[in-house]
């Protein structure tokens with residue numbers, strides 16, 4: 001077959017040809033199932049822009065995005081940080097940003113990685129299907145941007161920033177971890193409009209003068225009952241702090257609730273991504289490797305391009321070990337790619353060990369079928385628990401390092417041997433538990449008819465403690481949303497003993 | 001598949017966010033700007049060089065856990081580790097395997113970023129404003145005045161452009177052959193002479209010609225509406241408050257390099273400020289030794305000269321220029337003078353006279369900056385606390401509050417002195 005390109009130069013025809021060749025391989029041969037692709041060529045400045053708004057093409061205005069941009073730009077200019085070759089957005093059509101500086105080979109790599117690997121994952125993984133609405137996210141972002149701008153116009157920038165700052169601080173605690181229903185983002189803008197119209201048409205100043213009921217005179221039993229009933233309506237405990245404030249805060253105006261909702265919707269949108277870094281990058285890396293290799297085999301890229309690709313590929317999947325000064329935790333690309341490779345190999349040419357570890361699919365001869373199943377049905381935690389095999393454990397020479405407060409040293413409890421495989425796989429999977437992504441903090445109680453103080457609880461597992469300084473500052477933000485005092489109790493999960501109490505000033 | 005080229009999209013999408021961010025870190029930015037000014041060479045003030053701002057304590061808090069407690073990490077090992085091996089924990093409790101947790105805490109948000117030149121100038125000039133900018137004619141800073149701007153077909157009768165209208169009319173009359181007065185007179189004469197001569201044929205012919213000419217005159221108007229042209233007027237903005245800034249500098253031998261440098265910095269900033277804040281401010285540069293001369297900007301800042309010092313010479317040149325080009329009813333006059341304070345004592349009376357009788361009564365503001373030695377010492381006035389010129393001006397300062405005086409010893413203070421002299425809304429306070 002003819003070469004798609006020769007040398008580093010590319011133009012739009014080249015991109016189109018690469019995309020067509022990749023489609024043939026990825027969809028035709030590998031059976032990937034992708035959203036339609038939209039490739040957008042951008043400059044490095046635009047890439048920095050995209051960084052600062054979490055990779056989203058549209059974002060409401062907030063100083064924190066400006067801060068991120070300033071920091072990333074400084075790092076980039078001083079050479080401390082390179083830019084990603086691409087950013088891909090989970091939407092339909094699936095938008096991939098690729099940089100104009102990339103060589104033709106890199107563009108091919110990026111197209112294989114993002115437009116097919118990530119795209120397939122977004123479209124098929126159960127978390128994304130459950131939580132995100134790929135068809136409507138771009139529309140929703142446009143709505144959010146316009147809504148925040150309108151609020152700034154109506155209420156002033158300071159008032160809007162106050163709410164957004166507070167909501168941003170609670171973003172990690174603004175997520176429903178268990179699905180209730182799928183977001184219908186397209187309806188959000190409509191809903192806001194309907195709500196405002198309702199408020200405007202049904203405003204009745206007379207109602208405001210109706211005296212509220214007073215508890216002071218009520219007998220204690222009645223009072224008790226009212227409190228119980230009101231509390232039941234709040235459905236405590238509630239772990240989604242932003243949701244709780246949006247729905248129940250006594251002091252927020254409608255637009256403020258809407259702002260909280262916007263922050264919440266976006267936090268929820270990113271929730272699946274946080275849980276599937278290894279699986280998603282593993283999928284994309286495996287796909288780009290396979291696609292690029294096929295392109296070379298079929299004579300569509302030359303040896304030079306293959307070598308250039310392999311150079312990039314091997315730096316992407318570099319995993320420094322713990323004695324290396326570059327070590328900064330697990331590289332999701334490396335870990336994910338190793339697992340995918342191992343699974344595919346076990347499906348085709350299993351040995352005794354694989355048959356023992358992966359009885360379900362070892363030797364079934366259908367690597368793509370197995371992988372498609374993995375990508376569709378697992379997040380990181382499950383992927384590692386089920387598919388991290390002894391070969392990968394050995395390849396990374398994984399060890400289990402135990403950190404006990406009483407011990408001045410770390411201890412190596414397990415290594416990559418027969419005895420250790422199971423425990424290591426299970427402990428590593430625990431590391432990817434969604435519960436470990438952010439501290440779990442719940443609304444435990446509200447003093448409904450008195451001071452209206454909100455009581456939060458953080459359960460301390462195995463001695464993990466909140467950073468007190470940050471906790472106090474965050475509670476201050478929570479108070480903005482709740483409108484009254486907020487206090488936080490840190491309890492030991494096993495004994496229930498109260499360890500610390502923080503309160504907003 | 002769709003390919004979109006976004007490269008041509010408007011740049012600076014994050015500008016709104018950046019402005020919001022800069023507002024947040026205003027204090028840090030201002031400090032960085034002040035430092036930069038102190039550090040930079042005079043000529044570099046306005047250049048493209050970067051201003052780096054170090055930002056501390058703009059944090060976005062959130063609940064986070066400390067490295068305390070029990071943890072189990074699975075990590076990529078070296079291959080040499082064995083069950084039961086021990087690795088010393090790093091000091092301070094930070095977990096080695098806890099890369100995810102590293103860097104949490106209050107220091108997290110400290111980082112450096114770069115201001116653009118535009119932003120730098122904005123911050124730099126932000127707080128400054130010419131004091132007591134009197135509005136010479138109207139309350140509005142800008143007014144407009146009609147000015148002629150070509151011609152038009154429609155307009156007020158009063159704006160009729162007679163010459164142009166008549167030119168058109170003449171051309172038309174010639175083209176259409178409208179008989180003029182002399183032709184008519186000639187025909188009338190012909191009729192009269194034919195009548196006198198009793199020449200019947202001639203008379204009939206002459207009368208016919210005359211009647212034809214009269215008809216023509218009646219049919220072809222002298223001025224037709226299509227000839228008419230009006231002058232067009234446009235309202236052009238007119239600065240109601242024009243200001244002129246006289247920059248006076250001593251470049252004589254008694255000014256050390258350091259002093260000249262300070263003075264130059266002062267004017268540099270002043271010039272930057274004026275050129276930026278007001279678009280109709282004239283700047284006049286006058287430098288002096290024992291003789292003074294008006295010079296261009298380049299010469300003012302760069303060339304060197306030696307000689308004695310006669311401050312009055314500069315004041316005289318200033319007055320000459322003012323009288324010749326900047327009448328006081330149209331301009332607000334500002335004077336900024338930088339000197340080491342050294343002056344011929346024989347010149348004292350003349351300076352006082354010029355200042356009191358001629359300059360101070362007409363200027364809005366007279367800023368005098370005295371540049372001192374490296375550590376505030378005034379070497380050639382050992383034993384004296386004040387200088388000749390300072391004494392002279394000080395005696396006037398109590399009577400004229402448009403005269404402001406400051407001492408400047410250190411390049412870091414240039415900015416402060418300028419800001420002080422031209423602080424927004426507050427009038428000058430004599431030192």
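Protein chains in written order, with this note's numbering: chain P, 1 to 505; chain S, 1 to 431.
We put the beta carbon where it would ideally sit given N, CA and C, even for glycine.
Since we're looking at a predicted model, the values are computed, not measured.
| Check | Outcome |
| --- | --- |
| Residue 459 of chain P, DSSP secondary structure in three states | strand |
| Residues bridged to residue 339 of chain S (per DSSP) | S:370 |
| Cβ of residue 467 of chain P within 8 Å of any chain S Cβ | yes |
| Whole-angstrom distance between residue 372 of chain S and residue 409 of chain S, CA atom to CA atom | 5 Å |
| DSSP three-state assignment for residue 451 of chain P, whether helix, strand or coil | coil |
| Minimum Cβ-Cβ distance from residue 358 of chain P to chain S less than 8 Å | no |
| Within chain P, the residues that residue 410 of chain S reaches when beta carbons sit closer than 8 Å | Those within 8 Å of residue 410 of chain S in chain P number zero; the least Cβ separation is about 30 Å. |
| Residues near residue 380 of chain P by beta carbon distance below 7 Å, same chain, minus five either side | 275, 276, 277, 278, 279 and 432 |
| Residues near residue 445 of chain P by beta carbon distance below 7 Å, same chain, minus five either side | 236 and 455 |
| Chain-ordered chain P contacts of residue 111 of chain S [CB-CB under 9 Å] | 67, 70, 71, 74 and 75 |
| Residue 174 of chain P versus P:349, P:49 and P:263, residue with shortest Cα-Cα distance | P:263 |
| Backbone secondary structure at residue 235 of chain S - three-state DSSP | strand |
| Residue interval of the alpha helix (DSSP H) (run including residue 225 of chain P) | 220-234 |
| Residue 85 of chain S at chain P interface by Cβ criterion, 8 Å | yes |
| Chain P within 8 Å of residue 365 of chain S, Cβ atoms only | no |
| Residue-chain proximity (residue 100 of chain P, chain S), Cβ-Cβ < 8 Å | yes |
| Of the residues P:307, P:387 and P:349, the one placed nearest residue 357 of chain P, counting alpha carbons only | P:387 |
| Proximal residues, the segment 49-77 of chain S versus chain P, C-beta separation under 7 Å | 58, 60, 61, 62, 63, 64, 65, 66, 68, 69, 70, 71, 72, 73, 74, 75, 76 and 77 |
| Span of the alpha helix (DSSP H), counted from its first residue to its last, around residue 138 of chain P | 137-155 |
| Contact residues within the segment 44-59 of chain P, judged by C-beta distance below 7 Å to chain S | 45, 46, 49 and 52 |
| Segments of 4+ residues assigned as alpha helix (DSSP H) that fall wholly inside the segment 161-218 of chain S | 162-176 and 181-197 |
| Length of the line joining the Cα atoms of residue 326 of chain P and residue 87 of chain S | 18 Å |
| Endpoints, beta strand (DSSP E) assigned at residue 402 of chain P | 398-403 |
| Neighbouring residues, chain P, relative to residue 89 of chain S (Cβ below 7 Å) | 408, 409 and 410 |
| Any C-beta of chain S under 8 Å from that of residue 474 of chain P | yes |
| Secondary structure of residue 353 of chain S, DSSP reduced to three states | helix |
| Neighbourhood of residue 366 of chain P by C-beta, 7 Å cutoff - its chain only, sequence neighbours within 5 removed | 347 |
| Members of the segment 391-403 of chain P near chain S, C-beta cut-off 7 Å | 396, 397, 398, 399, 400, 401, 402 and 403 |
| Residue 318 of chain S, enclosing alpha helix (DSSP H) - first and last residue | 311-325 |
| Buried/exposed call for residue 416 of chain P, threshold 16 Cβ in 10 Å | buried |
| Cβ pair residue 404 of chain S, residue 368 of chain S closer than 8 Å | yes |
| Nearest-angstrom Cα separation, counted from residue 439 of chain P out to residue 59 of chain S | 19 Å |
| Reduced DSSP category for residue 391 of chain P - H, G, I as helix; E, B as strand; rest coil | helix |
| Interface residues of chain P facing residue 79 of chain S [CB-CB closer than 7 Å] | 397 |
| 6 Å CB neighbourhood of residue 230 of chain P in its chain, flanking five on each side removed | 448 |
| DSSP state of residue 149 of chain S mapped onto helix, strand, coil | strand |
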